[in-house]
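Take a look at the structure set out below.
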Amino acid sequence: MSIDNDTHATDTDTSDAVSQLEHDDLHSHEISDKNYVIIALLLAVLTAMEVAATEISSFPSSLLVPALLLMMAVKFFVVVSYFMHLKHDAALFKFGFYIGLAGAVVLYSVVLMTFHFFVN
Amino acid sequence: MSDTTTEPRATPEPEAAIPPGYDDGQDHIGLAHHTTTGLSNTKLAMWLFLGSECLLFGGLISTYMLYRNRQGDAIGPDQLWDIPFTSATSFILLMSSLTMVLAVSAAKRKDERGTRLWLTVTALLGGLFLAGQVYEFTVFYREGLGYTTSLFSSSFYTLTGFHGVHVAVGIIMLLSLVGMLAKGRIVGDKAETVEMVGLYWHFVDVVWIVIFTLVYLIPA
Amino acid sequence: MAIIERPTDSPALAGAGAAVVTPSSSYGYFRRPVQSSGWKSWVFTVDHKKIGIMYGVVAMVFFFIGGFEALLIRAQLAQADGTILSADKYNQMFTMHATTMVFLFVMPMAAAFANYMMPLQIGARDVAFPRLNALSLWTFVFGGIFINTSWFLGGAADGGWFMYAPNSSVPFSPTNGVDFWTLGLLMTGVASQVGAVNLIVTALNMRAPGMTLMRMPIFTWMALVVQFLLLFAIPIITVALFLLLFQRNFDATFFSVADGADPLLWQHLFWLFGHPEVYILVLPAFGIISEVLPTFSRKPLFGYPFVVFSGAAIGLVGFGVWAHHMFAAGLGPISVAVFSVATMAIAVPTGVKIINWTLTMWGGKLWFSTAMLFAVGLIVQFTIGGLSGVTHAVAPSDTQQTDTYYIVAHFHYVIFGGAVLGLFSGIYYWWPKVFGKMLNETWGRWNFWLMIIGMNLTFGPMHIIGLQGQPRRMYVWTENRAGEGFFNLGFWNLVSSVGAFLLGLGALLFLVNVWVSRKNPPAPADPWDARSLEWITTSPPKEHNFDRIPTVHALDEFFHRKYEDVGEDGQHDYKQVRTGEQVIENEEANAEAHIHLPSPSYWPIILSFGLLVICYGVIYSTLLVAAGAAIAILALFGWALEPPTADDSEFEPPSSDGGQPSKELAHV
């Protein structure tokens with residue numbers, strides 16, 4: 088193997104290509120300002136629904152809590168995926184963030200479980 | 012604002028002098044082909060940091076959830092919460108996320124005035140949110156919820172306090188960014204710097220989405 | 007971009023030596039530091055090599071401080087009814103011994119290696135964020151000093167390194183010691199957290215062309231896993247530390263049982279961090295010996311992918327076993343059973359590594375240098391510690407073992423026998439590269455054997471006295487509880503104490519070695535005929551590391567540049583076609599013309615100092631908090647407004663006789 092083989096070889100061409108692809112990808116998924124406003128309105132509506140749900144006294148607690156958690160989760164992922172652009176961003180960013188998120192949810196849920204938190 | 016520079020102050024060197032993919036040990040923002048993954052150093056760093064922040068807030072939230080019903084004889088959540096008011100401040104913070112994203116969008120279009128405008132609005136909305144928090148806490152305090160009143164109170168104020176500090180730091184960053192953009196003191200990719208501050212700001216908003224539901228809405 | 011100006015006839019750019027440049031810009035009073043020699047070139051440096059060396063030196067100082075604390079403990083326990091330490095002093099001693107060894111020696115020493123070696127191993131010129139790197143260093147240094155000033159300021163922390171609440175709250179720990187501990191660890195936590203982000207981005211984004219993840223040297227891989235562990239574990243202890251801080255300083259009731267609190271909250275939060283922490287301690291050592299063993303067996307690492315994946319598995323599963331530190335805390339049978347099984351599972355990937363290391367040596371041409379001795383020592387000693395660990399995994403037997411010296415035996419075998427032996431292996435292995443001199447091999451042997459004999463005499467008997475019931479953290483043992491015959495506590499405590507002093511002597515021999523080796527002739531660039539990229543540099547490396555960033559075509563790239571495979575029919579037969587020196591010369595001959603390095607900066611150390619002032623302020627005076635915050639905010643703004651590389655106008659080439667200042671780096 089020649090050690091003078093110093094073409095800054097294929098990997099950089101690949102990463103050039105990758106960054107070009109990503110660039111195109113970003114453009115094709117470019118969210119317009121108008122769409123951002125629509126998403127924000129959606130989030131506002133969800134928040135209103137959450138608050139309304141707590142006002143309805145006929146809602147049994149066993150249904151209310153999962154419903155609230157679901158709406159919370161939807162809002163969470165909408166902001167992360169679209170406002171923070173994670174949906175159309177590199178897998179490595181998703182990895183770094185979601186590992187932390189999943190880790191936190193799992194670990195702290197286990198801790199709360201040992202405190203019998205989820206037992207009514 | 013960040014560890015970036017690609018714009019030299021002196022005469023710029025021709026790009027041809029630096030072979031593509033050549034890593035000279037400096038962080039390059041916006042010059043994605045200078046990193047192995049093709050991704051920006053700062054952006055990767057920010058996402059890793061936000062991943063770690065999930066564990067910070069997770070711990071504070073868990074502590075609150077554990078202690079939320081332990082107020083003894085003192086005043087408890089049911090008597091304290093003013094849901095309409097908190098809904099309003101939550102809405103304000105949510106809208107600040109929208110204005111933040113509009114700022115990033117303006118920065119990408121190189122619309123400098125628009126960027127500074129939306130960043131300022133974001134900071135103002137954030138400030139409004141914080142003002143609402145402060146008002147809310149003074150009301151709680153007058154109603155008998157001090158920091159050391161009960162486990163519930165300590166956990167509540169600690170959780171929301173940490174969040175509030177994060178918001179305050181965010182506001183400082185936003186305003187500093189506006190100033191630095193106006194004075195041309197941002198080195199490197201301006202749009203990306205705005206985007207980084209945006210990621211932090213959205214995360215702070217996202218934490219509040221969780222807090223609002225778990226703390227205020229879910230019945231104790 | 008600014009280029010460092012050097013006159014063409016400047017002296018050889020080895021190590022830190024370079025033409026002295028002085029700042030001259032009209033930038034105002036706070037000129038950026040640009041010195042390349044003298045103390046300022048160390049204090050304001052952002053060069054990962056200098057930072058790595060400072061991490062290592064400071065860590066070594068804390069090693070001896072922590073060791074001295076251990077010797078006081080062992081002197082106290084050498085006889086019944088010891089009088090050397092009072093009960094209160096004893097509590098402080100074991101707390102600070104553990105805190106110092108874990109947070110101020112092993113972690114920073116591993117950081118020293120990661121900082122110095124990772125960029126070199128991946129073919130980079132520095133880390134991703136050089137100023138953040140400096141911030142990590144100085145925050146660690148100030149944090150370590152801060153914790154230790156507690157000895158002179160009312161007493162050190164006395165709640166054990168795990169600082170269980172409510173014992174650590176004010177009624178039971180009235181001095182400021184616990185606050186020094188809490189705030190100091192918050193500072194070192196910032197250092198680790200920032201460093202974790204920095205090194206992850208470095209390893210992922212700054213590899214040389216051709217270096218895929220599966221061609222990364224194994225030490226870099228293990229260091230990368232460790233950074234992920236730090237990234238996710240440090241925030242958890244940060245929460246615990248803040249809760250304790252607020253409890254002690256603002257009368258919060260997080261751990262006050264009388265107010266309805268649950269003391270297990272502290273235990274969960276602490277051990278959620280604490281268990282990944284022990285893998286943070288040992289994985290760097292595993293990475294080091296994964297480099298050392300192949301080099302001195304003249305064979306590639308056996309099963310490189312297995313070693314990589316088992317490292318990642320240890321990291322992942324390591325987050326799932328924390329409650330095995332709480333088996334006797336009253337968790338209930340379901341929790342205990344789950345964590346018991348998980349703990350047994352984690353022995354598997356570690357076993358995979360032991361097998362791979364052993365098979366690396368099998369059939370190799372073994373060269374027992376001191377570095378190799380320490381590496382083999384790790385395999386043997388860590389296995390012993392691992393075996394006792396397996397017995398802890400079985401919850402019923404752990405219920406007898408917990409809080410006895412049996413546990414102390416276990417963790418010293420894995421921490422000392424694992425992490426510390428591995429770190430010493432790395433010190434001996436990479437010393438010629440870092441400092442340009444060989445360490446003396448004879449003194450090295452004495453250093454090694456005395457440490458091995460000492461550690462086994464110290465910690466071996468602890469298995470026995472532990473199973474006989476001697477509890478941890480008791481400042482005396484008495485004759486009437488000492489038992490008879492073979493298991494007499496008195497005899498084994500004495501053996502253990504004698505062993506500890508032998509161990510201390512062995513450690514001192516390392517310092518002796520450093521001293522007698524200081525006048526050795528310059529070391530070759532490749533003294534061990536090594537395999538990875540960090541050896542394609544001079545000894546010590548030039549400031550810019552590589553004259554030309556190498557292009558990587560294989561794992562063990564350096565090895566493959568020296569040896570060609572002339573085997574036939576699928577058989578490998580490696581013939582040396584070049585020496586290491588020739589490989590390096592070839593790189594020098596093809597040196598790049600423009601090399602850019604990040605410039606030094608004041609702001610990291612100023613920011614760290616601001617944090618230090620805040621910490622003293624929390625204990626003593628709100629005014630100090632405000633002052634520290636002001637310094638910190640000033641530093642943050644200064645940092646944000648300063649570009650990573652100094653402007654050309656900030657350099658003024660020295661007037662050397664007849665030398666023409668040039669914009670190029672001088673070729674050596």
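Quick note, the sequences are listed as chains A, B and C, same order.
In the numbering used here, each residue's number is its place in the first sequence (first place is 1) plus 87.
In the numbering used here, each residue's number is its place in the second sequence (first place is 1) plus 11.
In the numbering used here, each residue's number is its place in the third sequence (first place is 1) plus 6.
We treat Cβ as the ideally placed atom computed from N, Cα and C, and that holds for glycine.
Closer than 9 Å to chain C by CB, residue i
| i | result |
| --- | --- |
| residue 198 of chain A | yes |
| residue 194 of chain A | yes |
| residue 117 of chain B | no |
| residue 180 of chain A | no |
| residue 186 of chain A | yes |
9 Å Cβ cutoff, residue i in contact with chain A
| i | result |
| --- | --- |
| residue 216 of chain B | yes |
| residue 715 of chain C | Residue numbering for chain C in the displayed model covers 7 to 674; residue 715 of chain C lies beyond these limits and cannot be assessed. |
| residue 147 of chain B | no |
| residue 221 of chain B | yes |
| residue 261 of chain C | no |
| residue 27 of chain C | In this prediction, residue 27 of chain C has a pLDDT of 41, which is less than 50 and means its spatial position is unreliable; nothing more can be read from the coordinates. |
| residue 159 of chain C | no |
| residue 199 of chain B | no |
Sub-9 Å separation of residue i and residue j beta-carbons
| i | j | result |
| --- | --- | --- |
| residue 271 of chain C | residue 77 of chain B | yes |
| residue 316 of chain C | residue 355 of chain C | yes |
| residue 638 of chain C | residue 616 of chain C | yes |
| residue 134 of chain C | residue 80 of chain B | no |
| residue 513 of chain C | residue 457 of chain C | yes |
| residue 129 of chain C | residue 559 of chain C | no |
| residue 288 of chain C | residue 388 of chain C | yes |
| residue 54 of chain B | residue 206 of chain B | yes |
| residue 55 of chain C | residue 572 of chain C | no |
| residue 52 of chain C | residue 136 of chain C | yes |
| residue 676 of chain C | residue 145 of chain C | Lying outside 7 to 674, the shown extent of chain C, residue 676 of chain C is not represented and no answer is given. |
| residue 134 of chain B | residue 185 of chain B | yes |
Three-state class that DSSP yields for residue i in the structure shown
| i | result |
| --- | --- |
| residue 477 of chain C | strand |
| residue 666 of chain C | Note that residue 666 of chain C scores a pLDDT of 36, beneath 50, so its modelled location is shaky; the value from the coordinates is reported in the next line. Here residue 666 of chain C sits in coil by DSSP. |
| residue 580 of chain C | strand |
| residue 571 of chain C | strand |
| residue 121 of chain B | coil |
| residue 526 of chain C | coil |
| residue 121 of chain C | helix |
| residue 410 of chain C | strand |
| residue 113 of chain B | helix |
Residue-level contact to chain B via CB, residue i, 9 Å cutoff
| i | result |
| --- | --- |
| residue 199 of chain C | yes |
| residue 91 of chain A | Low confidence applies to residue 91 of chain A: its pLDDT is 42, below 50, so where it sits in the model is not reliable, and the reading given next is rough at best. Not one chain B Cβ lies under 9 Å of residue 91 of chain A. |
| residue 176 of chain C | no |
| residue 457 of chain C | no |
| residue 105 of chain A | Here residue 105 of chain A scores only 48 on pLDDT, less than 50, and its place in the model should not be relied on; the value that follows carries that caveat. Yes - at least one Cβ of chain B is within 9 Å of the one on residue 105 of chain A. |
Presumed contact (8 Å Cβ cut-off) between residue i and residue j, rounded CB distance
| i | j | result |
| --- | --- | --- |
| residue 140 of chain A | residue 151 of chain A | 6 Å |
| residue 110 of chain B | residue 223 of chain B | Not confirmed; about 19 Å, so no contact. |
| residue 105 of chain B | residue 210 of chain B | In fact, because the Cβ distance is near 16 Å, the residues do not count as touching under 8 Å. |
| residue 46 of chain B | residue 211 of chain C | 4 Å |
| residue 362 of chain C | residue 302 of chain C | Incorrect: roughly 15 Å between the Cβ atoms, too far for contact. |
Short CB-CB distance (under 9 Å) between residue i and chain E
| i | result |
| --- | --- |
| residue 162 of chain A | No chain E appears in this structure, whose protein chains are A, B and C. |
*Taking only beta carbons into account, state which residues of the region 224–252 of chain C come closer than 7 Å to chain B, listed in chain order.*
237, 238, 241, 242, 244, 245, 249, 252
*Using Cβ-Cβ distances below 9 Å, what residues of the region 99–130 of chain B are close to chain C?*
none
*Between the region 175–195 of chain B and chain C, which residues of the former have a C-beta closer than 8 Å to a C-beta of the latter?*
187, 191
*In chain order, what residues of the region 122–141 of chain C put their CB closer than 9 Å to some CB of chain B?*
125, 128, 129, 130, 131, 132, 133, 134, 135, 136, 137, 138
*Members of the region 200–212 of chain C near chain B, C-beta cut-off 7 Å*: 203, 206, 207, 210, 211, 212
*For the region 624–649 of chain C, which residues have a CB atom closer than 8 Å to at least one CB atom of chain B, in sequence order?*
643, 646, 647, 649
_Near-chain B residues of the region 257–287 of chain C - C-beta to any C-beta below 9 Å_ = 257, 258, 259, 260, 262, 265, 266, 267, 268, 271, 274, 275, 278
*asked:* What are the residues in the region 73–99 of chain B lying within 8 Å of chain C by C-beta distance?
replied: 74, 77, 78, 81, 83
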